[in-house]
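Counting along the sequence shown from 1, when you hit position 156 you're at 173 in this note's numbering, and nothing is skipped either side. Note that beta-carbon positions come from the ideal geometry of N, C-alpha and C, so glycine has one too. Report on one structure; see the data block that follows.
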Amino acid sequence: MRKTRNIQRPLGLLILVVLIISLAACHTGNENGAGQITQATQAGEKDGQPIAVIQGEPYSTKDEVATYIKQFQALPPNYLTKQEATDLGWDNTQGNLWDVAEGMSIGGDRFGNREGLLPAAKDRQYYECDVDYQGGYRGAERIVYSNDGLVYYTADHYKTFTQIE
18 MRKTRNIQRP LGLLILVVLI ISLAACHTGN ENGAGQITQA TQAGEKDGQP IAVIQGEPYS
78 TKDEVATYIK QFQALPPNYL TKQEATDLGW DNTQGNLWDV AEGMSIGGDR FGNREGLLPA
138 AKDRQYYECD VDYQGGYRGA ERIVYSNDGL VYYTADHYKT FTQIE
């Protein structure tokens, strides 16, 4: 009985320490209620070099689309909402977007921010768009942007965000 207590006490302390470390690792350090958001490079730059976009031209890379949104407050013309794509015959389960709308990407639909990872404000609406889409099934990369000028990138389907200024 005594040996069991001698083992239980250190084991209990070890479990407590692991739990405390785990909880500390989960804390993002962001006190404003937003989730894990990191700062990125300036919109309009890639590797310190300026990115030029032209209104009305198609773009699909993260940096180009972010720059386009910042500069023109709209998506490039090669984006369709999910409903527009569906009306053309797109079936998300088939990965056939380029079969029905070659060169297009999905974007412009509302993003609900249900998890509250992005900052909320009165009358702020978020929208989403795919980036770096190469046809077939949609990937995890998205830009989420707001009606008041915020732009975020997520490489992991909304788990974490990087703000693009």
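Going by DSSP, name the residue or residues bridged to residue i.
{"i": "V161", "result": "E145 and Y169"}
{"i": "Y96", "result": "S122"}
Check residue i in the structure and name its three-state DSSP category.
{"i": "T110", "result": "coil"}
{"i": "N49", "result": "Confidence at N49 is low in this model, with a pLDDT of 40, below 50, so the placement of that residue should be treated as unreliable; the coordinate-derived value is given next. Here N49 sits in coil by DSSP."}
{"i": "I86", "result": "helix"}
{"i": "Q151", "result": "coil"}
{"i": "E74", "result": "coil"}
{"i": "E132", "result": "coil"}
{"i": "K139", "result": "coil"}
{"i": "A91", "result": "coil"}
Which residues bound the alpha helix (DSSP H) around residue i?
{"i": "T13", "result": "The question about residue 13 has no answer here: the residues shown for the chain are numbered 18 through 182."}
With distance defined between alpha-carbon atoms, name the residue in the options nearest to residue i.
{"i": "F178", "options": "R141, N95, Q66 and L134", "result": "L134"}
{"i": "Y154", "options": "A172, I123 and V70", "result": "I123"}
{"i": "R127", "options": "A118, V117, E145 and G112", "result": "E145"}
{"i": "Y143", "options": "Y150, D149, G152 and E132", "result": "E132"}
{"i": "P94", "options": "E119, G106 and D108", "result": "E119"}
{"i": "V161", "options": "Q100, D116 and K176", "result": "K176"}
{"i": "K79", "options": "G125, Y170, L97 and E101", "result": "Y170"}
{"i": "E182", "options": "N130, I86, K99 and D173", "result": "I86"}
{"i": "T110", "options": "Q90, G156 and Y76", "result": "G156"}
May I ask which residues mark the beginning and end of the beta strand (DSSP E) holding residue i?
{"i": "D126", "result": "S122 to F128"}
Stretch pair the stretch 164–172 + the stretch 135–149: three plus CB contacts closer than 8 Å: yes
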